[in-house]
Amino acid sequence: MKLDQLIQQLDEEPDDVIEFLSAITDENIQALKNNKQYKELEKIRLLASDVWMMLQVTASGGHLIDVHHLQKLIEIPKFES
2 MKLDQLIQQL DEEPDDVIEF LSAITDENIQ ALKNNKQYKE LEKIRLLASD
52 VWMMLQVTAS GGHLIDVHHL QKLIEIPKFE S
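Under the working numbering, the first residue of the sequence shown is numbered 2, with each subsequent residue one higher.
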C-alpha cells in the first residue's frame, strides 16, 4: 500500500479494518515514523488494539489475519505531536 493511500484510508476510516491492517507493511510504518506522522501511527495502533481485543474475546471471527503482524502494529511507540 502506498503511503498516501494509507493516510487517506486512515482519514476516511477503512471499511474493512482487518484487510486494511493486514495490508500495512513495515515500510509503511517506517515511512510514517520518518515523516513524523504520529497521528497516523497512533490511529493504526488503536485500530490494531481494537482488533486484537476482539480476537481475544471472540472464539472465531471468520477472518484470517497474521496475529504477529497485529502485535507489531500494537507495539508502535506512542509519539507526542
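Backbone N, C-alpha and C define an ideal beta-carbon position, used for all residues, glycine too.
On the three-state DSSP scale, how would you describe Glu41? On the sequence shown, residue 41 is found 40 positions in, with the first residue counted as 1. Here Glu41 sits in helix by DSSP.
If you count every other CB in all the chains shown that lies within 10 Å of the CB of Asn29, and 16 or more means buried, which is it? The residue labelled residue 29 in the question sits at position 28 within the sequence shown. Its Cβ being crowded by 16 or more others within 10 Å, Asn29 is buried.
Cβ pair Leu71, Trp53 closer than 7 Å: Your numbering for residue 71 matches position 70 in the sequence shown. Your numbering for residue 53 matches position 52 in the sequence shown. Cβ atoms of Leu71 and Trp53: closer than 7 Å.
Kindly indicate which three-state DSSP category Glu14 falls into: helix, strand or coil? On the sequence shown, position 13 is the one that residue 14 refers to. Three-state DSSP puts Glu14 in coil, outside helix and strand.
What residue does the alpha helix (DSSP H) around Lys73 start on, and which one ends it? Counting from 1 along the sequence shown, the entry for residue 73 is found at position 72. Element bounds for Lys73: Val68 to Ile75.
Nearest candidate by alpha-carbon position, reference Lys1, set Ala24, Lys40, Ala49 and Leu56: Residue 1 is absent from the model: the chain starts at 2 and stops at 82.
Simplified DSSP state of Met55, which is helix, strand or coil: Position 54 of the sequence shown, counting from 1, holds the residue named residue 55. Correct three-state label for Met55: helix.
So, are the CB atoms of Ala49 and Leu11 less than 7 Å apart? Position 48 of the sequence shown holds residue 49. Position 10 of the sequence shown holds residue 11. It is not a contact, given that the beta carbons lie outside the stated cut-off.
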